[in-house]
Structures are given as structure tokens and as C-alpha cells.
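> Residue numbers (my numbering), protein chains in the order written: chain A, 820 to 967; chain S, 820 to 967; chain U, 820 to 967. Virtual Cβ for every residue (Gly too), placed ideally from N, Cα, C. Attaching a single structure in C-alpha cells format; questions to follow.
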Amino acid sequence: MLLEEFLSNAAIKAWALSSIVVALKTLATGMLVSSIRIRKNVFSSPEDYELQKLEPQTATDDQVERARRVHLNDLEAGLPFVLVGLIYALTQPSTLGLWICFAGFPIGRILHLVAYMKGLMPHRTAVWSIGFGITVWMAVTSAISILT
Amino acid sequence: MLLEEFLSNAAIKAWALSSIVVALKTLATGMLVSSIRIRKNVFSSPEDYELQKLEPQTATDDQVERARRVHLNDLEAGLPFVLVGLIYALTQPSTLGLWICFAGFPIGRILHLVAYMKGLMPHRTAVWSIGFGITVWMAVTSAISILT
Amino acid sequence: MLLEEFLSNAAIKAWALSSIVVALKTLATGMLVSSIRIRKNVFSSPEDYELQKLEPQTATDDQVERARRVHLNDLEAGLPFVLVGLIYALTQPSTLGLWICFAGFPIGRILHLVAYMKGLMPHRTAVWSIGFGITVWMAVTSAISILT
Numbered sequence: 820m821l822l823e824e825f826l827s828n829a830a831i832k833a834w835a836l837s838s839i840v841v842a843l844k845t846l847a848t849g850m851l852v853s854s855i856r857i858r859k860n861v862f863s864s865p866e867d868y869e870l871q872k873l874e875p876q877t878a879t880d881d882q883v884e885r886a887r888r889v890h891l892n893d894l895e896a897g898l899p900f901v902l903v904g905l906i907y908a909l910t911q912p913s914t915l916g917l918w919i920c921f922a923g924f925p926i927g928r929i930l931h932l933v934a935y936m937k938g939l940m941p942h943r944t945a946v947w948s949i950g951f952g953i954t955v956w957m958a959v960t961s962a963i964s965i966l967t
Numbered sequence: 820m821l822l823e824e825f826l827s828n829a830a831i832k833a834w835a836l837s838s839i840v841v842a843l844k845t846l847a848t849g850m851l852v853s854s855i856r857i858r859k860n861v862f863s864s865p866e867d868y869e870l871q872k873l874e875p876q877t878a879t880d881d882q883v884e885r886a887r888r889v890h891l892n893d894l895e896a897g898l899p900f901v902l903v904g905l906i907y908a909l910t911q912p913s914t915l916g917l918w919i920c921f922a923g924f925p926i927g928r929i930l931h932l933v934a935y936m937k938g939l940m941p942h943r944t945a946v947w948s949i950g951f952g953i954t955v956w957m958a959v960t961s962a963i964s965i966l967t
Numbered sequence: 820m821l822l823e824e825f826l827s828n829a830a831i832k833a834w835a836l837s838s839i840v841v842a843l844k845t846l847a848t849g850m851l852v853s854s855i856r857i858r859k860n861v862f863s864s865p866e867d868y869e870l871q872k873l874e875p876q877t878a879t880d881d882q883v884e885r886a887r888r889v890h891l892n893d894l895e896a897g898l899p900f901v902l903v904g905l906i907y908a909l910t911q912p913s914t915l916g917l918w919i920c921f922a923g924f925p926i927g928r929i930l931h932l933v934a935y936m937k938g939l940m941p942h943r944t945a946v947w948s949i950g951f952g953i954t955v956w957m958a959v960t961s962a963i964s965i966l967t
């Protein structure tokens, strides 16, 4: 049957597992934002303060803002990756290519989270570049493969 | 023919309809941001004020900021959902699972919009959790299904 | 073989190429944010200033904020487009429909970047509407096609 054949393909399987990790990592970063908010009592809406029986305030917190920037960056990097990754998987790349791209991206993103939260530069840029490079490389390779 | 077979599958059909609703809901939240901006005369760029023949200002508005947070949350929650949802649909889940996930998520997101705009807590967290729980559950189920 | 058949389909091919352009455009907008930050010495984190041997500051820059709004809008518009575009492609639309949607959206988004960075209104709204209209039209057409 068609759909079973789809997910039994090694490239689609690698894309699917990698994408699930990237999706769960994005959701985990969102939970990190919430957990720092609760620990530091810094919220985005007045009703959140009221729920904690606190006076509403407008101050922001450095760690909350860092985690929020990581979360936004997860979307900025993740949307192109999962999309281009699916197209790349459909071009049936080599096993080496699959491993580098679909293991490399999630690892790069987890290291990016650690580097950003700890304020490590230029390490943050270095690990961010892993994901960026992988996505651009897959995009160019896939476009060539489709056009030729 | 291949592609017709693809969209004639019940699980893919459910994913596609649910994803279209989630996409339209995200676009509608963006329109809500714009409509509140126009009604309250609070814009993001100086040229927007000039177009309305108003003096540019930097003030923000509570309802605009609320709608913007909902819009960003639509992306934070929606990207993992549509991605993991496609993989989940490919694993050919039960009809009950399809209904709970693909009807539950859009309903949860619409209730989240209402709760956030009205400033209702803890209702906002409760309805947000519906979508979060569904996505995590689909991710774990799909990963197990692919790996076994 | 299944997957080769998938990418050899004209509609899927058009979606894939269009999506790759949209993904690369989103990544390029992110690079634009970074390049303006470096040129103007305006960063988001203290460690970024330290790397440039500068005193950390909290000022923002108009061009940086403009490029950031374009980048966020790329996600707000791009996620619904690539998702709904895939479903639309699966419904096997006409060649004319493919051209209008899959060439029109990336062109609209590139014009939106130019209009936003130059502060041109109402041109920005006009070119933004191209992408919005295409996505809504594809969503409605696809939903009808699936339901009938």
C-alpha cells in the first residue's frame, strides 16, 4: 500500500525522525521560557501575575528574553529545515548525506540552545552555522536535482 | 495514479483539512492584529502613521500586543503540529486517534485565542495544553511506530 | 519507484522549487538582520558587544527592527503557504494555477522585503496582499477539492 511504502523509505524515515526531534526541541524551548517565567515571577500578561497573587509589572528578565530569542530562532531555522529536508529526502540522497543532515541539524540546534543560554560567543554563532549550512546545502542540492 | 491515491487516504485527508483550518486561523489572527491597529491607530512603522495622516508615535496597545502574542504562539504551536501531524498520518493511526488529534488541535487553538484576548487565566493555559498534549502525543507515537 | 514518481510530478515539482525559494528568502532575511546589526553595531545580547570589544547597550536601530519585522512576517506568511501549497499541489491543479501561486508568492515576498526596508506605504500592503491572497485561495480551493 502507498503510505506504508512512503514511511518505509530510509530517507523519509530519517527526515521524519529528525523532524520529530526538532519539533520536540522547539516545544521544549517553549517550556523552558515558561519555567524561567514561573521561577523568576516575570510574565507577559497582567492576568498571569494575578494568578500568582502578585502585583502586575512590566519588567523583563535576561534569561527569559534569551530563551525567547532561542525559541524564535527555532522557528526561523526550523521551518526552512523541515521543509527543505522533506524535499531533499524525496530526491533520495546518499546514506552519508542523510546522516550528516538529519543528525547534524538537531545536534546543532541543541548546542545552540546551550551556547545562547550561557552567553557563549562566538560559540553560539559557530553552532548556529551548522544548521544554517545544512539547510542551504540541502536547498541547493535539491533544486539542482529537481531541475536536471 | 499516485498523487490521487495520496489525498484519497482518510488519514492524509484529515491531516490536510485540519492543517488548512490551522493555517487559516493563523492568517486570521494576523488580520486581527491589523484590524486592532487600524481601530486604535497604533502602528509598527512611521509610514503607517503617515498613511493615516497621523503623527508617528512609539506607544503600544495592550490588545495589539495580546493579538501579536497569540499570532507568535500560533507559529510556535502550529509548525510542530502540522509537521508531526503529517508524519502521524503516514503511520496510519486509528479513526479515533485521527478525530481526537485533527479536530482537537484547531478547537484548542481557537479557544486559546478567545482566552488570551479576554485575559482569562488559568483557562488560557488549560486550552493551550490541548494542542501541546496532542502534538507531543503524536510525536512520541509516530517515533515509536517508525522505530519498531 | 514511489518516491521518484512523487518528485517527477509537475505540481509537486513546482511546489518544491517555490518552497525552496521561500525558504532561502527567509534565511536571507535573517542574514540581512545580522549584517545590519554588524554594520550598525547594534546587537541583542551583551556577549555580542563584548566580541566586538564594545560597551553593551540596549538601544535599538530602525533598520534592524524593520528587517526583524520582515523576518517574522516571513514565518507568519511562509508557514501557511508551504503547508497549504503542498496540499494544493496534491489536488493536481491546472498549470495556470501552479504558475500563479508558485511563482506569484515568492515574487510577492521579495517585493514585500523591498517595500518594507524602504518604508513604502501603501505599496508594502499591496505586495503583502499578493501572498496572502494566494494562500487563502489555495486553502479554500484545496478544502473544496478534498471535501467533494
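Inspect the CB distances between the region 909-924 of chain A and the region 850-867 of chain A and report whether three or more fall short of 8 angstroms.
They do not touch, by the three-pair rule.
> Under the three-state reduction of DSSP, which class applies to U/M957: helix, strand or coil?
Reduced to three states, the DSSP call for U/M957 is helix.
> Excluding the five sequence neighbours on either side, which residues of its own chain have a C-beta within less than 6 angstroms of the C-beta of A/W947, listed in chain order?
These residues qualify, in order along the chain: H931.
> Indicate the three-state DSSP secondary structure (helix, strand or coil) for A/Q871 in the structure shown.
Looking at A/Q871 - three-state DSSP - the assignment turns out to be coil, as it is neither helix nor strand.
> Under 7 angstroms between beta-carbons, which chain A residues line up against S/I965? List them in chain order, please.
Those within 7 angstroms of S/I965 in chain A are L826, K832, A835, L836.
> By Cβ distance below 8 angstroms, which residues in the same chain neighbour S/F951 in space, the five residues on each side in sequence not counted?
Around S/F951: A896.
> Out of S/V903, S/L905, S/S837, S/E824, which one is the CA nearest neighbour of S/G923?
With distances taken between Cα atoms, S/G923 lies closest to S/S837.
> Going by CA-CA distance only, name the one from U/G927, U/P925, U/V852, U/D881 that's closest to A/N892.
Answer by Cα proximity: U/V852.
> Look at the alpha carbon of S/L873 and the alpha carbon of S/E866, and state the distance between them as a whole number of angstroms.
Going by the C-alpha atoms only, they are around 10 angstroms apart.
> Tell me whether S/Q882 sits in a helix, a strand or coil according to DSSP, three-state version.
Of the three classes helix, strand and coil, the one that applies to S/Q882 here is helix, per DSSP.
> Start and end of the alpha helix (DSSP H) containing A/T914?
A/T914 -> alpha helix (DSSP H) spans 914-936.
> So for S/M820, helix, strand or coil by DSSP?
Bear in mind that the predicted position of S/M820 carries a pLDDT of just 43, short of 50, making it unreliable; the figure below should be weighed with that in mind. Coil.
> Could you work out which residues of chain A lie near S/T910, taking near to mean beta carbons separated by less than 8 angstroms?
Correct list: L826.
> Given a cut-off of 8 angstroms, decide if A/R943 and U/S863 are closer than it, judged by their beta-carbon atoms.
Going by C-beta atoms, U/S863 is not nearer than 8 angstroms to A/R943.
> Does the beta carbon of U/M820 come closer than 8 angstroms to any beta carbon on chain S?
Per-residue confidence for U/M820 stands at a pLDDT of 43, beneath the threshold of 50, marking its modelled position as unreliable; the derived number appears in the next sentence. So, not an interface residue.
> Specify, as a first and last residue, the run of the alpha helix (DSSP H) that U/L843 falls within.
Element bounds for U/L843: 829-859.
> Since I believe U/L898 is in contact with U/A830 (beta carbons under 8 angstroms), could you give me their beta-carbon distance rounded to a whole number of angstroms?
Not quite, the Cβ-Cβ distance comes to about 20 angstroms (not below 8 angstroms), so this is no contact.
> Output the distance between the C-alpha atoms of A/R928 and S/I965, rounded to the nearest integer angstrom.
If you take the alpha carbons of A/R928 and S/I965, they lie about 23 angstroms apart.
> Counting only Cβ-Cβ distances shorter than 8 angstroms, please list the residues of the region 846-866 of chain A near chain S, keeping chain order.
Listed in sequence order: L846, G849, S863, S864, P865, E866.
> Under a CB-based cut-off of 8 angstroms, is U/V903 close to chain A?
False, the Cβ-Cβ gap to chain A never drops below 8 angstroms.
> Note down the Cα distance separating S/A833 from A/I839, rounded to an integer number of angstroms.
Going by the C-alpha atoms only, they are around 20 angstroms apart.
> So, is A/A958 buried or exposed, given that buried needs 16 or more other C-beta atoms within 10 angstroms?
Its Cβ being crowded by 16 or more others within 10 Å, A/A958 is buried.
> Name, going along the chain, the residues of the region 881-900 of chain U whose beta-carbon falls closer than 9 angstroms to a beta-carbon of chain A.
Against chain A - using a Cβ distance shorter than 9 angstroms - the residues of the region 881-900 of chain U are H890, L891, D893, L894, G897, L898.
> Please say whether U/C920 and U/I953 have beta carbons closer to each other than 8 angstroms?
Cβ atoms of U/I953 and U/C920: closer than 8 angstroms.
> List the residues of chain U whose Cβ lies closer than 7 angstroms to the Cβ of S/I906, in chain order.
Going along chain U, no residue has its Cβ under 7 angstroms from S/I906, so there is no contact; the nearest lies around 14 angstroms.
> Assuming contact is defined by CB atoms lying nearer than 8 angstroms, are A/M940 and U/L870 in contact in what I supplied?
In contact: A/M940 and U/L870 (Cβ atoms closer than 8 angstroms).
> Less than 8 angstroms between CB atoms is the rule here; does S/S948 satisfy it with respect to chain A?
No, S/S948 does not count as interfacial toward chain A.
> Any C-beta of chain A sitting closer than 8 angstroms to the C-beta of S/V819?
No information on residue 819 of chain S is available, as it lies outside the stretch 820 to 967 that chain S covers here.
> Check the Cβ-Cβ distances between U/A922 and every residue of chain A, and say whether any is below 8 angstroms.
It does not; no Cβ of chain A falls within 8 angstroms.
> Helix or strand or just coil, what does DSSP make of U/P941?
It is coil, neither helix nor strand.
> What's the call for U/S827, buried or exposed, on a 16-neighbour Cβ count within 10 Å?
Label assigned to U/S827: exposed.
> Thinking C-beta only, is A/V955 closer than 8 angstroms to A/F900?
No, the pair does not count as a contact, with Cβ atoms beyond the cut-off.
> Verify whether the separation of the beta carbon atoms of U/I855 and U/A878 is less than 8 angstroms.
Cβ distance not < 8 angstroms, so U/I855 and U/A878 don't count as in contact.
> State the Cα-Cα distance for the pair U/Y935 and S/L843, rounded to the nearest angstrom.
Using only the alpha carbons, I get a separation of about 24 angstroms.
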